[in-house]
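The block underneath contains the structure these notes are about, expressed in structure tokens.
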Amino acid sequence: MKKTLLSALLGLAIVISCEKKQETTENQDHTNHTENVAAETEAEAPAEATHDDHADTSANLELNNGKKWKTNTEMLPYIQKQEQLIDAYDDETGDYKKLAADLSTANEQLIKSCTMTGKSHDVLHVWLTDHIKKINLLAKAATQKEAEKIAEALEHSMESYHQYFE
1 MKKTLLSALL GLAIVISCEK KQETTENQDH TNHTENVAAE TEAEAPAEAT
51 HDDHADTSAN LELNNGKKWK TNTEMLPYIQ KQEQLIDAYD DETGDYKKLA
101 ADLSTANEQL IKSCTMTGKS HDVLHVWLTD HIKKINLLAK AATQKEAEKI
151 AEALEHSMES YHQYFE
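Using the numbering used here, read the sequence shown as starting at 1 and increasing by one per residue.
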């Protein structure tokens, strides 16, 4: 009886230990992802230059079995802030460098607030990677006319976000 009880307790301890190790690994992977995307945004490096270890690089921008993906509530204010900035921007008289800086700041906060995992995270990463590229292009635009085209692309990016996420 004692041997059975001792064996059961030992087995339970091993299972719990493995689960904790798995959870710690997943949390570390997500932290690494957040740091990678944040560094990518801050450095204005091409978005494809850094990919985290756990994001599914084969993911496509697609619906979740015909439905929109859920975005975690902590991220929504930063999505909305970016949309407000883009909507308020005047193509002819606006300061596109300031718009790019403000979008980058909101994007950094968006990335820091990300707690999404799994397929929804991977699909969001596809959208976000392209969105970051557009923000970086806007920051590097040489003329108001060039910035106007990029600002339009950012508007389409936000429309795309709403097509796939809620």
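Backbone N, C-alpha and C define an ideal beta-carbon position, used for all residues, glycine too.
Local conformation of residue i per DSSP, three classes
i: Lys70; result: coil
i: Asn64; result: strand
i: Met158; result: helix
Proximity of residue i and residue j at Cβ, strictly below 7 Å
i: Ser113; j: Glu74; result: yes
i: Lys134; j: Ser160; result: no
i: Val126; j: Leu76; result: no
i: Asn72; j: Thr105; result: no
i: Glu155; j: Lys68; result: no
Rounded Cβ spacing between residue i and residue j (contact assumed at less than 8 Å)
i: Glu78; j: Leu99; result: Correcting the residue type first, residue 78 is Tyr in the shown sequence and not Glu. That belief does not hold up - the Cβ atoms of Tyr78 and Leu99 are roughly 15 Å apart, past 8 Å.
i: Tyr96; j: Ala142; result: Not quite, the Cβ-Cβ distance comes to about 10 Å (not below 8 Å), so this is no contact.
Selected residue, minimal CA-CA separation from residue i, among the options
i: Ala153; options: Asp95, Gly118, Asp91; result: Asp91
i: Gln144; options: Thr93, Thr115, Thr71; result: Thr93
i: Ile132; options: Lys70, Ile150, Thr115, Asp95; result: Ile150
i: Ile86; options: Leu138, Phe165, Tyr164; result: Leu138
i: Tyr89; options: Gln163, His162, Glu166, Ala147; result: Ala147
i: Asn65; options: Lys97, Val123, Glu155; result: Val123
i: Leu128; options: Asp102, Gln163, Asn107; result: Asn107
i: Leu59; options: Leu103, His121, Lys140, Asn136; result: According to the sequence displayed, residue 59 carries Ala and not Leu. Selected option, being the one with the closest Cα: His121.
*Ordered list of alpha helix (DSSP H) runs contained in the region 91-151, each at least 4 residues*: List check, alpha helix (DSSP H) in window: 96-112, 118-140.
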